[in-house]
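> There's a structure below that I have some questions on.
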């Protein structure tokens, strides 16, 4: 079912900042079936929508700031970007990109939580966000990896009103009775140089087949196909330009 209006406080968009937008289009097109469509307007700066059966599900853009890493960023739908940015700073976070309008499409800002994990916020106008979520070829989960789980719980509860369900070594984020993401503590298996970050998961029909396709397209496997008991199967990959992401298939 297509999404015409996102649920406020939940993920509504996935955007890749990369050194090579055209190459990203080829990679993700081959892996997830996306069709890249670049905005011809010079003011758009090469912003490229990724379409799944003509429906926008994600985007890729050049790196706009010096020192910006190649990375996927999730956007959270909000009613008021400016108010949310203020709430984030009051809760101990910071604003990386100040609130600004994107033509008549909407208004956005880029935030960092107190530990430094980056997330965007989007106030939709003509463009509300992804037309499809939680299905094959679309964003289906976001996961915070941080060394300060207690601080993250306080921050995201305060700013977005998320609910928290703690499990055995894993915490799930939700809103209105539906979980849309999780959190894991960064332990010794994460090198010191890796900062706290959000990981994005995309749905696939077959995780192992997706891993094989990704490597054939020049990607790298960080975590091979792995089962999560009573949940599904996932793998963690990196595209040829260095953008990390995961693929997931829920258990039948």
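In our numbering, the protein residues as written are 524 to 775. For each residue, glycine too, the CB sits at the ideal point set by N, CA and C. All values reported here derive from a predicted model rather than from experimental measurement.
For residue 683, which residues of its own chain have a beta-carbon under 7 Å away from its beta-carbon, when the five flanking residues on both sides are left out?
Indexing the chain shown from 1 puts residue 683 at position 160. The residues are 532 and 599.
> Determine, using beta carbons only, whether residue 696 and residue 535 come nearer to each other than 7 Å.
The count along the chain shown starts at 1 and reaches residue 696 at position 173. The count along the chain shown starts at 1 and reaches residue 535 at position 12. Going by C-beta atoms, residue 696 is not nearer than 7 Å to residue 535.
> Please work out which residues of its chain come closer than 6 Å, Cβ to Cβ, to residue 649, disregarding the five sequence neighbours upstream and downstream, and give them in chain order.
For this step, residue 649 is matched to residue 126 along the chain shown. Listed in chain order, the non-local C-beta contacts of residue 649 below 6 Å within the same chain comprise 627 and 628, local neighbours out to five positions each way being set aside.
> Below 8 Å, can you find three or more Cβ-Cβ pairs linking the region 673 to 690 to the region 653 to 663?
Not touching, per the Cβ criterion.
> Smallest Cα separation from residue 747: which of 614, 726, 735 and 740?
Counted from its first residue, the chain shown places residue 747 at position 224. For the residues 614, 726, 735 and 740, the minimum Cα distance to residue 747 belongs to 735.
> In terms of alpha-carbon separation, which member of 544, 699, 634 and 704 lies closest to residue 607?
Here residue 607 refers to the residue found at position 84 of the chain shown. For the residues 544, 699, 634 and 704, the minimum Cα distance to residue 607 belongs to 634.
> Please list, in chain order, all residues of the same chain as residue 815 whose beta carbon is under 7 Å from its beta carbon, the five residues on each side excluded.
The requested residue 815 does not occur in the structure, where the chain is confined to residues 524 to 775.
> DSSP on residue 574, reduced to helix/strand/coil?
Within the chain shown, residue 574 is the residue found at index 51, counting from 1. DSSP places residue 574 in strand when its eight states are reduced to three.
> Please say whether residue 574 and residue 558 have beta carbons closer to each other than 7 Å?
Taking the first residue of the chain shown as position 1, residue 558 is located at position 35. Taking the first residue of the chain shown as position 1, residue 574 is located at position 51. Going by C-beta atoms, residue 558 is nearer than 7 Å to residue 574.
> Might you give, ordered along the chain, the residues of its own chain that have their beta carbon closer than 7 Å to the beta carbon of residue 678, omitting 5 neighbours on each side?
One-based indexing of the chain shown puts residue 678 at position 155. Cβ within range, chain order: 614, 615, 616, 636 and 637.
> Name the DSSP beta bridge partners of residue 667, please?
For the purposes of this step, residue 667 is taken as the residue at position 144 of the chain shown. 706 and 721, per the DSSP bridge assignment.
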